[in-house]
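Start counting the sequence shown at 54; every next residue gets the next number (my numbering).
Data block below; observations after.
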Amino acid sequence: MGDIVEVYGQNTRKEEGLSMKLSKAGTRRASKIALTIGVLALAASPALAAPKKTVGPPVAAGQSRYLVEYNPGNKQAISNLVAAQGGSIVYDYSSLFNGLAADLSDAGVKTLRQSGLTKTIEGDIILTLHGVTEKRNVAREDAFVPRQSKASTSTSERAAKSSVQSSPAKSVSSSASLSKTASASSSTATTTTESATPYEDGAMPQAAAPASLPAGFPGPSIFTEFVGWDRDRAQSDAVWSIAPNNGLADNGIASPVLAPGSVTGAGVVVGVLDTGIDYDHPDLVANIVNDCGSGVVRDFLTLDDCAADDTFNGHGTSVASVIASAANGIGLVGNAPNAQIRPYRVCDGGCPLSAIIGGIAQATADGVDVINMSFGGGAGKNFEASAIQAAAAANIVLVASAGNETSQKVHFPAGYGQVLSVGATNGPTPAVMDQPASFTNFGGWVDITGPGVNNPTATCTGCVTEGFVDELTPNAANFAANEMTNSPIAIVSNTAVVNAGLACTPLAAGSLTGKIALMQRGACAFALKAANAEAAGAVATIISNNAPGNFFGTLGTYVPAGPSVSISQADGATLAADVALGGATADVGIRRRNDIEYWLISGTSFSGPTVAGVAALVRSANPNLTELEVRNILTSTAQPIGSQNVFGAGMVNAAAAVQAAQP
């Protein structure tokens with residue numbers, strides 16, 4: 054992207070698309086592909102790898118990208134002035150409001166500001182995608198931010214909520230009143246919080262596999278060995294945000310949208326501003342508005358007309374599947390299975406605000422009915438506010454994820470008054486519905502919630518998972534492995550494995566030189582284990598669980614030089630036995646998988662599109678509703694589940710919303 058004047062998200066976790074959590078053993082591949090944020094490294098056979106899209110065009114040396122809103126009638130004068138200063142216009146937002154994005158030098162910016170032609174000039178910023186993995190929720194030796202506790206709800210609070218729900222939603226008349234506040238929306242709303250203690254180390258409870266799975270979804274092992282269940286969860290038998298593709302929804306969110314003759318989103322177009330979409334995914338292909346070849350830019354990172362999901366990301370494909378996976382007898386069913394998806398690629402490793410506004414402008418010009426935005430940042434901008442106001446004025450329902458920092462700080466675009474802000478709960482089932490997800494942001498600015506933990510979603514074919522191969526003969530085996538946080542790009546192949554025990558104390562110098570360290574979980578932080586192993590010369594680290602199943606772990610701020618993964622207790626025992634026999638070697642790294650089309654995923658990135666899908670149902674049920682009326686219907690029909698300061702109006706209720714929308 055070149056020089057960015059302001060950057061948001063430097064200290065945030067990795068985006069969901071680059072740290073997906075479904076690990077599944079597979080056959081050994083001769084060609085392996087390693088991955089890190091925004092960078093692709095090829096190993097063995099580069100010809101087998103699809104090229105990764107890059108942000109473009111690059112910002113010229115000595116320039117930075119700025120957002121310029123100009124006074125009416127001054128477009129040509131501003132364009133001439135930008136050119137005279139040696140700058141270049143990247144995006145033209147005149148279809149939405151009087152604005153553009155331009156690459157300018159400091160002197161050029163000063164000249165524009167002194168010209169009297171502009172209303173505001175702001176530096177571009179980078180927003181982040183609101184997806185998390187179970188690494189966030191299944192904390193181990195290293196402390197994680199604990200889950201915000203279940204809020205108590207008094208009778209007076211429920212009465213206050215009922216009053217709030219029956220009143221009109223906020224209207225916006227100026228940028229000064231545009232954003233929501235972090236205060237509770239009712240003075241009677243209270244929150245009871247449990248003591249904030251880190252998650253302790255200990256055995257991970259193993260949940261039973263669901264009694265049934267969606268047709269085409271990977272086997273029951275996905276619910277135990279490959280994903281695990283976090284400590285906040287009490288249920289394991291519900292498919293939460295997407296119904297199984299058997300024509301019958303099994304949760305309170307989608308039900309009864311698949312009943313005969315019911316509303317399914319037909320005639321509604323949802324604009325998905327994200328990382329793009331897998332145009333060929335079998336669950337989405339029939340519902341995608343394919344604009345490839347039109348010549349109209351819909352990839353605002355490469356300025357292409359085809360908003361294809363990055364082969365090594367998948368976030369946008371997952372988001373789209375929550376909204377509108379087709380009821381076609383395979384895979385999953387979205388909340389609005391007959392709605393159409395129009396993708397706009399505005400995110401990669403981050404989401405430049407300049408690209409986001411370009412996506413909003415084009416979506417508005419395309420006449421979409423709903424826009425979903427599963428990304429955000431901590432500061433609102435006048436320029437962004439203008440774009441949001443213009444889209445709402447065009448009668449578009451705007452939905453945005455609240456974010457995953459367990460914070461009351463207002464995030465944008467979710468914090469704008471015309472945007473429906475969506476938090477996350479642990480699911481729609483009674484046992485967990487009133488539990489906020491461990492990661493969700495909260496506060497009076499959150500309007501509504503949806504299920505945000507372990508949502509089954511589609512993913513782009515060819516996205517990656519982690520794994521390793523134990524090559525000891527005759528016990529050669531393929532094992533699943535979960536990436537530890539901060540694990541770098543690397544493939545370590547055909548390398549000897551040494552059992553380093555707990556590795557909580559310094560190991561003999563050189564004792565692990567050029568080898569893979571197998572370590573057992575427990576007694577000390579993962580980061581200390583990895584640091585001790587690398588100090589002794591290890592080129593990769595494997596941490597085996599000390600309880601049944603696998604886990605997701607963090608190295609805190611420690612960044613290992615080689616790949617670091619976790620494995621299940623059973624696989625650890627097998628590998629340790631092979632090591633004891635002598636001569637065990639292994640491949641450790643991140644490898645390309647072409648046979649996974651679905652996975653479980655968590656974050657407000659996915660509770661948001663659940664609400665966007667229900668918004669599509671409401672618009673399908675009554676196309677004459679205004680965007681404000683749609684937002685009012687969604688909040689007034691939500692099921693109250695606790696403090697408004699945590700859950701907003703409550704859990705989105707598709708059946709009640711559709712019924713209320715009937716003309």
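Glycine included, every Cβ here is placed at the ideal spot set by N, Cα and C.
This structure is a prediction, so every number in the text was calculated from the model and none was measured.
- Residue pairing for Arg118: DSSP places it in a beta bridge opposite Asp156.
- In the structure shown, Ser617 adopts extended strand secondary structure according to DSSP, grouped into three states.
- Closest option to Lys434, judged by alpha-carbon separation, among Glu175, Leu157, Leu134: Glu175.
- Taken through DSSP and simplified to helix, strand or coil, Pro676 comes out as coil.
- By alpha-carbon distance to Asp357, the top candidate from Tyr144, Asp500, Ala444 is Tyr144.
- The Cβ atoms of Gly318 and Ala377 lie closer than 8 Å to each other.
- For Val375, the uninterrupted alpha helix (DSSP H) run begins and ends at 368 to 377, by DSSP.
- Look at Val135 here: in three-state DSSP terms it is helix.
- The secondary-structure analysis by DSSP pairs Cys404 across a beta bridge with Leu180.
- Asn340 sits in a helix when the DSSP states are folded into three classes.
- Around Gly411, the same chain offers Tyr144, Phe353 as residues with beta carbons nearer than 6 Å, after the five sequence neighbours per side are excluded.
- At a cut-off of 4 residues, the continuous stretches assigned as alpha helix (DSSP H) that sit fully inside the stretch 417 to 499 are 435 to 446.
- Considering only Met537, Ala444, Ala588, Ile142, the residue with the shortest C-alpha distance to Ala562 is Ala588.
- In this structure, the alpha-carbon of Glu536 lies about 5 Å from that of Val618.
- According to the DSSP assignment, Leu571 belongs to the beta strand (DSSP E) that extends over 569 to 573.
- Straight-line measurement puts the Cα of Pro601 at about 29 Å from the Cα of Ser564.
- The shortest CA-to-CA distance from Ala580 to any of Thr538, Thr548, Asn598, Gly567 is the one to Thr538.
- Our two residues, Ala453 and Leu149, have alpha carbons roughly 19 Å apart in a direct line.
- Assignment of beta-bridge partners to Tyr123 by DSSP yields Thr171.
- Rounded to whole angstroms, the separation of the alpha carbons of Arg574 and Leu153 is 53 Å.
- Counting the other Cβ atoms within 10 Å of the Cβ of Cys345 gives fewer than 16, which makes it exposed.
- Between Gly503 and Ala467, the C-beta gap is not smaller than 8 Å, which leaves the two residues out of contact.
- Taken in chain order, the whole alpha helix (DSSP H) runs of length 4 or more contained in the stretch 551 to 603 are 579 to 588.
- Here DSSP, grouped into helix, strand and coil, assigns Gly503 to strand.
- Only exposed fits Ser347, as fewer than 16 other CB atoms lie within 10 angstroms of its CB.
- Between the C-alpha atoms of Ile686 and Val342 there is a straight-line separation of about 27 Å.
- For the set Leu134, Ser460, Ala380, the Cα lying nearest the Cα of Phe492 is the one of Ser460.
- Counting the other Cβ atoms within 10 Å of the Cβ of Thr610 gives fewer than 16, which makes it exposed.
- When C-alpha distances from Ser158 are compared across Ala665, Leu170, Gln167, Val135, the shortest belongs to Val135.
- Its Cα nearest to that of Thr181, the residue Thr328 stands out among Thr328, Gln715, Gln692.
- As the crow flies, the alpha-carbon of Pro693 is around 33 Å from that of Thr417.
- For the set Ala447, Ile595, Ser658, Gly656, the Cα lying nearest the Cα of Ala626 is the one of Ile595.
- For Arg398, the pairing in a beta bridge is given by DSSP as Asp327, Asp352.
- Under the DSSP assignment, Val143 falls in the beta strand (DSSP E) whose first and last residues are 141 to 145.
- Linking Asn457 to Thr663 through their CA atoms gives a straight-line distance of about 16 Å.
- Relative to the Cα of Leu670, the nearest Cα in the group Gly382, Ser315, Ser658, Val162 belongs to Ser315.
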